[in-house]
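When you read off a place in the first sequence, starting at 1, and then add 487, the result is the number in my numbering. C-beta atoms are modelled at their ideal positions from N, C-alpha and C, and glycine is treated no differently. Data first, discussion second: the structure below is written as structure tokens.
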Amino acid sequence: MADFLTPQSEDFSRWYNEIVQKADLADYSPVRGCMVIKPYGYTLWENIREALDRRFKATGHVNAYFPLFIPMSFLQKEAEHVEGFAPELAVVTHGGGEKLEEPLVVRPTSETIIGYMYAKWIQSYRDLPVLINQWANVVRWEMRTRLFLRTTEFLWQEGHTAHATREEALEETMRILDLYTDFAVNDAAIPVIPGRKSESEKFAGAVNSYTIEAMMKDGKALQSGTSHFLGQNFAKAFDIKFLDENNQLQYVWTTSWGVSTRMVGAIVMTHGDDQGLVLPPRLAPTQVVIVPIWRKKKEREAVLEAARSLYERLRPVVRVHLDEREGFSPGWKFHDWEMRGVPLRLELGPRDLASGTVVAARRDIPGREGKRVLQMAEVEQAVPALLEEVQAGIYRKALDFREAHTWEVESYEALKEAVAQGFARAWWCGDPACEAAIKEETKATIRCLPQDQPGGKGRCIYCGKEAHEVALFGRAY
RNA sequence: CGGGGCAUAGCGCAGUUUGGCAGCGCGCCUGGUUUGGGUCCAGGAGGUCGGCGGUUCAAAUCCGCCUGCCCCGACCA
């Protein structure tokens, strides 16, 4: 089996690169740092998109689309923003064979162009709040890329909202953080730690950034979604003003938030094993695969007929696929679907036909232990129930893994040991100098200041001064 | 962008040191055999050796430049 996929324990990084390609999620493109998302990977992304979009709509947001090109000067209007993004901009200098008067940047994110438009659209407190999301591609000229985790071009959603008051904008920022957490936990089956970014890790141009941080199977952290409170920074840069009830001219308060195709990488590295992908049932392109089994010609007809009838019965209930491929042994097909991470496999052969049963094999429990015999009469109920068990099971497994690799540390030595294998929670005084020193010495950064705080006060893990917050430390992707 | 490695059939690799017929395994196609955890046999197709230039009677092999990928670092959703 090891011939087919490098084991995670041998080289996690290599395992990741192999499985992304072997499971047909994506392929390299001829352009550096760009990827082709293949149909299987794209369907997974579509399911992620649908699950998030449903939540956005339910909380009053609407979708729109803003253009890919942004005048260079727009980026320069917000000092921190331009400083943060300038090094990774793709710039268009020519169009239609002529040099452009003003270069256009390919959006790395859309705060600026959306800010410009909001300034035109917002006049009165009656125009607020504006709650717009867009599904788009963005480009960041990263130095080092990896499929799904960091590509030059990536797909994401970016929400951009404008509010009359600071409180409302803060509330929106946190509402989205909760929404992302809910999606990660319930649909992607990824336990995440929501919290605030430190000053040095926050979004360029934000007052505060919030994040959901996940632990991958190699103990490293992956920032899986962010929600930014932008204060009035972009309102002032783009002159987004409105008249309030008292006829006073005010700047709006804005937020922005995003989840990207990186989420696919998060799913791969949270649940995958040495057999391949393990996809959460709620998001899996195919939730159930039926593998028919026969020995003789006679059996073949009977089994296929039963398999097709089973397929038709399940189709209204789950995303099911019937593997009718000729010339592949059942064992070969089992491995093939395991590689692709299909959560549940139904094996149907002559023995099952005789007894009115079908064998269900869970992807999250390898071998015989994950198999169960279902009565054919009750598959419409039993199969969705099993999928729910898999969904809950992989979440539990991921949570157990994270907890087993997270340590409350009280000494700097203990922190060093902890971040070599996972996360460390430790008191931090808030001084960027301590944060920078820890990063320098351990490669670990503050992933976030978790929402879940013990309260009270302690001693900074680095300098020993009084500290009021516990920080989550870890090495990150 | 700095350091290291790599680029030969769809995939994984050998051949490069010492220049001389482009090979192996898997996959793919055809026929048969097999099918409850990666069947077996026979036959077959497939390569301007990453690109450009140079040296040479002769270059996958030597030299120069370029491009891309992987790993480590700085940057980052």
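Take the alpha-carbon of Gly945 and the one of Gly917: they are about 12 Å apart. Per DSSP, the continuous beta strand (DSSP E) segment holding Cys935 begins and ends at 932–937. Secondary structure of Thr596 (DSSP, three-state): coil.
Ser796 counts as exposed, since fewer than 16 other beta carbons sit within 10 angstroms of its beta carbon.
Straight through space, the alpha carbons of Tyr798 and Val866 are spaced by roughly 10 Å. With distances taken between CA atoms, Asp498 lies nearest to Asp760 out of Thr530, Gly857, Asp760, Leu766.
Straight-line spacing of the CA atoms in Cys921 and Glu928 works out to 11 Å.
The criterion of a C-beta distance shorter than 8 Å is satisfied by Val775 and Leu833. Under the criterion of beta carbons closer than 8 Å, His715 and Ala693 qualify as touching, at roughly 4 Å. For Phe641, no alpha helix (DSSP H) segment is defined; the enclosing uninterrupted segment is the beta strand (DSSP E) at 640–650.
Between the stretch 663–671 and the stretch 537–557 there are three or more C-beta pairs closer than 8 Å, enough to call the two in contact. Going by beta carbons, Thr632 and Gly520 fall inside the 8 Å limit. By the CB criterion at 8 Å, Glu589 and Ser560 fall inside the cutoff. The three-state reading of DSSP puts Thr546 in coil, since its state is none of H, G, I, E or B. When secondary structure is reduced to three states using DSSP, Asn733 falls in the coil class, being assigned neither helix nor strand. By the 16-neighbour rule on beta-carbons within 10 angstroms, His548 is buried. Each residue's CA atom was taken as its position, placing Ala649 and Leu717 some 10 Å apart. Within a 10 Å sphere around the beta-carbon of Tyr552 sit fewer than 16 other beta-carbons, which makes this residue exposed.
Between the beta-carbon of Lys858 and that of Ala847 there is about 7 Å, and that keeps the pair under the 8 Å contact cut. Trp744 sits in a strand when the DSSP states are folded into three classes. Val518 carries a coil assignment under DSSP once its states are collapsed to helix, strand and coil. Its Cα nearest to that of Leu861, the residue Arg838 stands out among Glu825, Arg838, Arg889. Membership of Ala923 in the alpha helix (DSSP H) is indicated by the continuous run 919–929. The three-state reading of DSSP puts Thr773 in coil, since its state is none of H, G, I, E or B.
When DSSP assignments are scanned along the stretch 625–713, the uninterrupted stretches of beta strand (DSSP E) that are 3 or more residues long and fall wholly within it turn out to be 640–650, 679–683, 695–702. Assigned with DSSP and collapsed to three states, Gln621 falls in strand.
Taken atom to atom, the span from the alpha-carbon of Leu801 to that of Ala793 is near 12 Å.
Scanning the stretch 865–910 for uninterrupted beta strand (DSSP E) segments of 3 residues or longer gives 893–895, listed from N- to C-terminal end. Glu589 carries a strand assignment under DSSP once its states are collapsed to helix, strand and coil. Distances from the CA of Glu533 to each of Gly602, Arg653, Asp674 were compared; the closest alpha carbon is that of Asp674. DSSP places Trp502 within a helical segment (H, G or I) once states are collapsed to three.
The Cβ neighbour count for Glu565, taken over all protein chains shown within 10 Å, is at least 16; the residue is labelled buried. Following the DSSP letters along the chain, one finds Thr580 inside the beta strand (DSSP E) bounded by residues 577–582. Less than 8 Å divides the Cβ of Val906 from the Cβ of Gly961. Ranked by Cα distance from Glu811, the options Glu788, Val778, Glu895, Ile852 are led by Val778. Judged by beta-carbon spacing, Val877 lies within the 8 Å limit of Pro768, meaning their Cβ atoms are closer than that value.
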